Amino acid sequence: MSVVSRVRVIGPLGPYAREFAAELEAWGYTPLSASNQLRLMAHLSSWLAAEGLDLGELNDEVLQAFLAHRSAQGYTCWLSLRGLAPLLGWLRSRGVVPGSRPAVRSGPAEDVLAEYRAYLAGERGLVARTVRGYETEARLFLTRTGGGDLHDLSAGDVTAFVVDQCTARSTGSAKTLVTVLRSLLRWLLLTGRIDGDLAQVVPGVAGWRTTFWGWREKQLPDGTLILTSPSGHTYVTTPGSALLFPSLCYAVGGMPAPEAQTPDPDYCADRAAMMPKRRQARAQDRAYRVATERRHNQMARETRRSIGKKHISVRNMVSETGSHRPSSDVSSLTRYRTNVRIESSAGPVRR
């Protein structure tokens, strides 16, 4: 049984159902995913027929009205334009429905958002999809706060915005909003649009990893832990050391503080080993070692130059006399080079 035979599409989109199902199969959709897309197509087609609309009138406003109707009917999936993207993209590629017209926005908030968008894509290196998500949340905040002169923005305005938005969001969506808001406020501070660092006042979002879901705990001085559940049940845990070291399990919080004792004046008089006193500061020591290394390297370079000059002069002298027998100067030069090589084998002084 094919996917189309299981999903019945009536209305203006009915003639395109079989072709859209074949396209979904070519895209690699599983039978379950393809049937879900066809069910969404059937819902949209039946809604258009009930509203008396044809495919040429399927613009963004009509789509938003359909999504609102779908949400009011109790649907929990495909409630945004992103969920309709496969169907709308295929219909628009066939010329069945008109293309989406981007909304033209203007105002002080849009100028700020344009610079913020360039900052995210250029300096932060975020991908286009992430930049669009940041821009959506930032536009919501700037719209609520006026978007013009932000020098009057206070910590109370930021906190009130977060509390108002997070009450109707999931944990993941609220964390995304808080992350974007902190990034935006840091950027506004760096560009001089706000006076204080308001990113620090953005409250965090408590998730299942950062909360005990209403559990309360109380720890006694002897290590006993009393846990109280949200329903009121109490659970008491005994320290494991009470079974192994019962004589050591007693409270130590009430012990008196030891009395202050004044050390004897000759307490350190007979010590055999003491830390030596530094004769010069560490900076002076480092400067001395650097100067020593530079002086050593300079002497090594001068030595190599002098050896090269003597080697050239001896070679010229041998070529002029025509004798290959080493003279006394050649023997002394050989001994000199050997001595220099031995002296410089230790290498330069390490820093």
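Using our numbering, read the sequence shown as starting at 416 and increasing by one per residue.
C-beta: ideal position from N, C-alpha, C; glycine also.
All values derive from a computational prediction rather than experimental measurement.
With 16 as the cutoff for other CB atoms within 10 Å, does M714 come out buried or exposed? Taking the first residue of the sequence shown as 1, we reach residue 714 at position 299. With fewer than 16 Cβ atoms within 10 Å of its Cβ, M714 is classed as exposed.
What does the alpha-carbon distance come out to for the pair A575 and R631? Your numbering for residue 575 matches position 160 in the sequence shown. Your numbering for residue 631 matches position 216 in the sequence shown. Their backbone Cα atoms lie some 28 Å apart in a straight line.
Whole alpha helix (DSSP H) elements within the region 461 to 502, 4-residue minimum: 475 to 487
Can you look up E538 in the DSSP assignment and give me helix, strand or coil? Within the sequence shown, the letter at position 123 stands for residue 538. Coil, per DSSP.
Runs of alpha helix (DSSP H) wholly within the region 563 to 647 (minimum 4 residues, chain order): If we require 4 residues or more, the alpha helix (DSSP H) runs fully inside the region 563 to 647 come out as 570 to 581, 586 to 605.
Name, in chain order, the residues that DSSP records as bridge partners for T707. Translated into positions along the sequence shown, residue 707 becomes position 292. Answer is none; T707 lacks a bridge partner.
Report the three-state DSSP secondary structure of T445 (helix, strand or coil). Position 30 of the sequence shown, counted from the first residue, corresponds to residue 445. Coil, per DSSP.
Okay, do the region 629 to 644 and the region 583 to 601 touch, 3+ Cβ pairs below 8 Å being the bar? no
Write down the C-beta distance between L428 and L478 rounded to the nearest angstrom, noting that I regard them as a contact closer than 8 Å. Residue mapping note: residue 428 aligns to position 13 of the sequence shown, counting from 1. Residue mapping note: residue 478 aligns to position 63 of the sequence shown, counting from 1. Not really, about 13 Å apart at Cβ, beyond 8 Å.
For Y549, report the span of its beta strand (DSSP E) as first-last. The residue labelled residue 549 in the question sits at position 134 within the sequence shown. Taken as a continuous stretch (DSSP letters only), Y549 belongs to no beta strand (DSSP E), being part of the alpha helix (DSSP H) at 543 to 559.
Bounding residues of the beta strand (DSSP E) (the contiguous stretch that carries Y650): In the sequence shown, residue 650 corresponds to position 235, counting from 1. Y650 -> beta strand (DSSP E) spans 649 to 652.
Reference H648, options L499, A570, G629, closest by Cα: What you label residue 648 is simply residue 233 of the sequence shown in a count that begins at 1. Per the Cα distances, G629.
Rounded to the nearest angstrom, what separates I425 and G443 at their Cα positions? Here residue 425 is taken as the residue at index 10 of the sequence shown, counted from 1. Here residue 443 is taken as the residue at index 28 of the sequence shown, counted from 1. Distance between the alpha carbons of I425 and G443 is about 25 Å.
Is M690 close to the ligand FMN? I mean its beta-carbon at under 7 Å from any heavy atom of the ligand. With respect to the ligand FMN, the structure offers nothing, as it holds no ligand at all.
Answer with buried or exposed for T690, where buried requires no fewer than 16 other C-beta atoms within 10 angstroms of its C-beta. Position 275 of the sequence shown holds residue 690. Inspection of the sequence shows that residue 690 is occupied by Met rather than by Thr. Result: exposed.
Tell me the rounded alpha-carbon separation between G587 and L468. If you number the sequence shown from 1, residue 587 lands on position 172. If you number the sequence shown from 1, residue 468 lands on position 53. Taken atom to atom, the span from the alpha-carbon of G587 to that of L468 is near 37 Å.
Cβ pair R532, V542 closer than 8 Å: To locate residue 532, count along the sequence shown from 1; it is residue 117. To locate residue 542, count along the sequence shown from 1; it is residue 127. No. Outside cutoff.
Can you have a look at P523 and say buried or exposed, based on whether 16 or more other CB atoms are within 10 angstroms of its CB? For the purposes of this step, residue 523 is identified with residue 108 of the sequence shown, where counting begins at 1. So P523 ends up on the exposed side.
Round the Cβ separation of P513 and V577 to the nearest angstrom and send it over; I've been treating them as touching at under 8 Å. Within the sequence shown, numbered from 1, the residue matching residue 513 stands at position 98. Within the sequence shown, numbered from 1, the residue matching residue 577 stands at position 162. Taking C-beta atoms under 8 Å as the contact rule, P513 and V577 fail to qualify, at a distance of about 38 Å.
Just how far apart, CA to CA, sit Y486 and L494? By one-based count along the sequence shown, residue 486 stands at place 71. By one-based count along the sequence shown, residue 494 stands at place 79. The sequence shown places Ser at residue 486, rather than the Tyr named in the question. For S486 and L494, the distance between alpha carbons rounds to 7 Å.
Alpha-carbon to alpha-carbon, N474 and F435: On the sequence shown, position 20 is the one that residue 435 refers to. On the sequence shown, position 59 is the one that residue 474 refers to. Rounded to whole angstroms, F435 to N474 spans 20 Å at the Cα level.
In whole angstroms, give me the CA-to-CA distance for A432 and E466. Counting from one through the sequence shown, the residue named residue 432 turns up at place 17. Counting from one through the sequence shown, the residue named residue 466 turns up at place 51. Approximately 20 Å, taken between the alpha carbons.
C-beta contact flag for T639 and P654 at 8 Å: Locating residue 639 in the sequence shown gives position 224, counting from the first residue. Locating residue 654 in the sequence shown gives position 239, counting from the first residue. It is a contact, given that the beta carbons lie within the stated cut-off.
Could you check if F556 is buried or exposed, using at least 16 other CB atoms within 10 Å of its CB as the buried criterion? Along the sequence shown, one-based indexing puts residue 556 at 141. The residue is buried, with at least 16 neighbouring Cβ atoms inside 10 Å.
Tell me the DSSP secondary structure of Q452 in three-state form. Reading the sequence shown from its first residue, position 37 is the one you call residue 452. If DSSP states are grouped into helix, strand and coil, Q452 belongs with the helices.
Under a Cβ-count criterion, where at least 16 other Cβ atoms within 10 Å of its own Cβ denotes burial, should Y703 be classed as buried or exposed? On the sequence shown, position 288 is the one that residue 703 refers to. Exposed, since its Cβ has fewer than 16 Cβ neighbours within 10 Å.
Would V705 be called buried (16 or more neighbouring beta carbons within 10 Å of its own) or exposed? For this step, residue 705 is matched to residue 290 along the sequence shown. Taking all protein chains shown into account, V705 has fewer than 16 neighbouring C-beta atoms within 10 Å of its C-beta and is therefore exposed.
Thinking C-alpha only, which one of T491, G489, L503 is nearest L388? A query on residue 388 cannot be resolved here, the shown segment of the chain reaching from 416 to 766 and no further.
Measure the beta-carbon distance from V573 to V616 and round it to whole angstroms, keeping in mind my assumption that it falls under 8 Å. Indexing the sequence shown from 1 puts residue 573 at position 158. Indexing the sequence shown from 1 puts residue 616 at position 201. Between V616 and V573 the Cβ distance is about 6 Å, and since that is below 8 Å, they are a contact.
For I722, does the three-state DSSP call read helix, strand or coil? Working through the sequence shown from its first residue, we reach residue 722 at position 307. Residue state, collapsed to three classes: helix.
So, with DSSP's three-state summary, where would you put V527? As a working mapping, residue 527 is identified with position 112 in the sequence shown. Helix, per DSSP.
Does the distance from the C-beta atom of L528 to that of E550 stay below 8 Å? By 1-based counting over the sequence shown, the position of residue 528 is 113. By 1-based counting over the sequence shown, the position of residue 550 is 135. Yes, they are a contact pair.
Among the candidates R694, S461, E440, whose CA atom is the shortest distance from the CA of P430? Within the sequence shown, residue 430 is the residue found at index 15, counting from 1. Considering only alpha carbons, the answer is S461.
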